[in-house]
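A.B. asks: My questions all concern the structure below.
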Amino acid sequence: MLGSALDLVMAAGHPFYDNDHQKVDTSDYSFMYEDDYAKLSGGETDWNYFESNDDFKKMAQGDVKP
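For the numbering used here, add 4 to where a residue sits in the sequence shown, where the first one is 1.
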């Protein structure tokens with residue numbers, strides 16, 4: 005995923021939540037490699053990582069710098 009030409013990925017299988025947005029006891033990395041998630045959420049990529057509702061609101065309002 006990190007090496008692809010994707011511009012935007014949303015709702016792509018957060019490892020800590022199920023499909024109903026309920027926190028899970030055991031992380032599920034079947035949609036994304038654990039290392040990729042750590043890099044994305046840790047700010048170690050050129051991508052912007054959004055997780056909170058406030059982050060998404062800022063993105064929708066254009067308040068996010070690439």
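Heads up, the beta-carbon is just placed ideally off N, CA and C, and yes, glycines get one too. Since this is a predicted model, take the numbers as computed values, not measurements.
Using the C-alpha atoms, what's the distance from Ala42 back to Tyr53?
C.D. replies: What you label residue 53 is simply residue 49 of the sequence shown in a count that begins at 1. What you label residue 42 is simply residue 38 of the sequence shown in a count that begins at 1. When rounded, the distance between both Cα atoms is 11 Å.
A.B. asks: Out of Asp29, Thr49, Asn57, Gln26, which one is the CA nearest neighbour of Ser8?
C.D. replies: Position 4 of the sequence shown holds residue 8. The residue with the shortest Cα to Cα distance from Ser8 is Thr49.
A.B. asks: So what does Lys27 bridge to, in DSSP terms?
C.D. replies: Numbered from its first residue, the sequence shown carries residue 27 at position 23. Looking at the DSSP assignment, Lys27 forms a beta bridge with Tyr21.
A.B. asks: Can you tell me whether Asp58 is helix, strand or coil according to DSSP?
C.D. replies: Here the question's residue 58 lines up with position 54 in the sequence shown. In this structure, Asp58 counts as helix in the three-state DSSP scheme.
A.B. asks: Taking a contact to mean a Cβ-Cβ separation below 9 Å, would you say Phe35 touches Gly46 in this structure?
C.D. replies: The residue you call residue 35 lines up with position 31 of the sequence shown. The residue you call residue 46 lines up with position 42 of the sequence shown. No; because the gap between Cβ atoms is not below 9 Å, this pair is not in contact.
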